[in-house]
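Residue numbering for the sequence shown follows the numbering used here, starting at 7 and increasing by one per position.
Heads up, the beta-carbon is just placed ideally off N, CA and C, and yes, glycines get one too.
Computed from a prediction, not measured in an experiment: that's the story for all the values here.
Notes for the one structure printed next.
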Amino acid sequence: MKTLYWLAAATILIILAAACGSDSSDEGSADIAASFSFEAFGNENFEEGQPISLDTFEGQPIVLNFWYPSCPPCRLEMPHFEAAFQTHKDEVAFVAIQQLGLDSEEEGQKFVEEFGLTYAVGPDTSGTVIKEYDVKTFPTTVFLDADHTVVRKWAGPLNEEKLNELIEEILPAS
Numbered sequence: 007m008k009t010l011y012w013l014a015a016a017t018i019l020i021i022l023a024a025a026c027g028s029d030s031s032d033e034g035s036a037d038i039a040a041s042f043s044f045e046a047f048g049n050e051n052f053e054e055g056q057p058i059s060l061d062t063f064e065g066q067p068i069v070l071n072f073w074y075p076s077c078p079p080c081r082l083e084m085p086h087f088e089a090a091f092q093t094h095k096d097e098v099a100f101v102a103i104q105q106l107g108l109d110s111e112e113e114g115q116k117f118v119e120e121f122g123l124t125y126a127v128g129p130d131t132s133g134t135v136i137k138e139y140d141v142k143t144f145p146t147t148v149f150l151d152a153d154h155t156v157v158r159k160w161a162g163p164l165n166e167e168k169l170n171e172l173i174e175e176i177l178p179a180s
């Protein structure tokens, strides 16, 4: 019985490790970003249920993060995303889309409150946005330029230094 327990626990850990992924980066292939829409979780800048879409951020570069509340690497990187948002909010839009399944929308809202997230955050209720962006591990972050062309896709957690370095790639040349 103990062997069966440990086998089940090891299987779950392997699945979670694969889902949370490791650091990797793909240069964008000049693909135009897939459209998305969701209803925002409430925070100081967005009303609960406020419609958010790719068009909401027309002409702005976007940092698009895919996450879920019980993903340890997702939790690890969130303070860096809020800090980067505070630094770059006049130049870059930040959007975080929650995968549903392991966690509920209610847990997503609690996550937003726990980390004090003030940018656009909401759930992918249909699962189509995650499929359109071919997200296979969590967290995954997609960097879009002002024309909403995919510049880079990063699978795995980002520290503050690397996040800011990648944001520089999508800022318009001055």
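In terms of residue numbering, what span does the beta strand (DSSP E) encompassing residue i cover?
i, result
"GLN105", "99–105"
"PHE72", "68–73"
"GLU53", "Run containing GLU53: none; DSSP gives neither H nor E here."
"VAL148", "146–150"
"GLU45", "43–45"
"GLU135", "Note on identity: in this sequence residue 135 is Val, with Glu being the wrong assignment. Where VAL135 is concerned, there is no enclosing beta strand (DSSP E), although the alpha helix (DSSP H) it sits in stretches over 134–138."
"GLY128", "126–130"
Leaving aside the five residues before and after residue i along the sequence, list all residues of the same chain whose C-beta is less than 7 Å from its C-beta, in chain order.
i, result
"GLU83", "PRO145, PRO163 and LEU164"
What are the boundary residues of the alpha helix (DSSP H) that includes residue i?
i, result
"ALA90", "78–94"
"ILE38", "From DSSP, ILE38 is part of no alpha helix (DSSP H); its letter is neither H nor E."
"GLY122", "Run containing GLY122: none; DSSP gives neither H nor E here."
"LEU169", "166–176"
From this set, the options, which residue's C-alpha is nearest residue i's C-alpha?
i, options, result
"PHE47", "SER76, ALA40 and GLY122", "GLY122"
"PRO129", "PHE44, ASP96 and GLU64", "PHE44"
"ALA109", "HIS94, ASN49, THR131 and GLU174", "Before going further, note that residue 109 is Asp rather than Ala in the sequence given. Nearest of HIS94, ASN49, THR131 and GLU174 to ASP109, Cα basis: THR131."
"LYS95", "ASP153, VAL69 and ALA40", "VAL69"
"THR124", "ALA89, THR155, GLY107 and LEU172", "ALA89"
"ARG81", "GLN104, GLU97 and THR155", "GLN104"
"ILE38", "ASP140, GLY107 and HIS154", "HIS154"
"CYS63", "GLU97, ILE173 and ASN49", "According to the sequence provided, residue 63 is Phe. The question's Cys does not apply to it. Minimum Cα distance to PHE63 is reached at GLU97."
Going along the chain, which residues of its own chain have a beta-carbon closer than 6 Å to the beta-carbon of residue i, five neighbours each way excluded?
i, result
"ILE176", "PRO67, PHE149, ASP151 and VAL157"
"PHE42", "LEU60 and VAL135"
In the DSSP assignment, what are the bridge partners of residue i?
i, result
"VAL156", "LEU150"
"SER59", "SER43"
Give every residue of the same chain whose Cβ lies closer than 8 Å to the Cβ of residue i, excluding the five residues on either side of it in the sequence, and list them in chain order.
i, result
"HIS86", "LEU164, ASN165, GLU166 and LEU169"
"THR93", "ASN170"
"LEU65", "The amino acid occupying residue 65 in the given sequence is Gly; Leu does not appear at that position. ALA152, listed in sequence order."
Taking contact to mean 3 or more Cβ pairs, one atom from each stretch, closer than 8 Å, check whether the stretch 116–129 and the stretch 138–153 are in contact. no
For the stretch 131–142 against the stretch 54–61, are there 3 or more C-beta pairs whose distance is under 8 Å? no
Within the chosen definition, does the stretch 71–83 reach the stretch 106–115 through at least 3 CB pairs nearer than 8 Å? Result yes; three or more Cβ-Cβ pairs closer than 8 Å.
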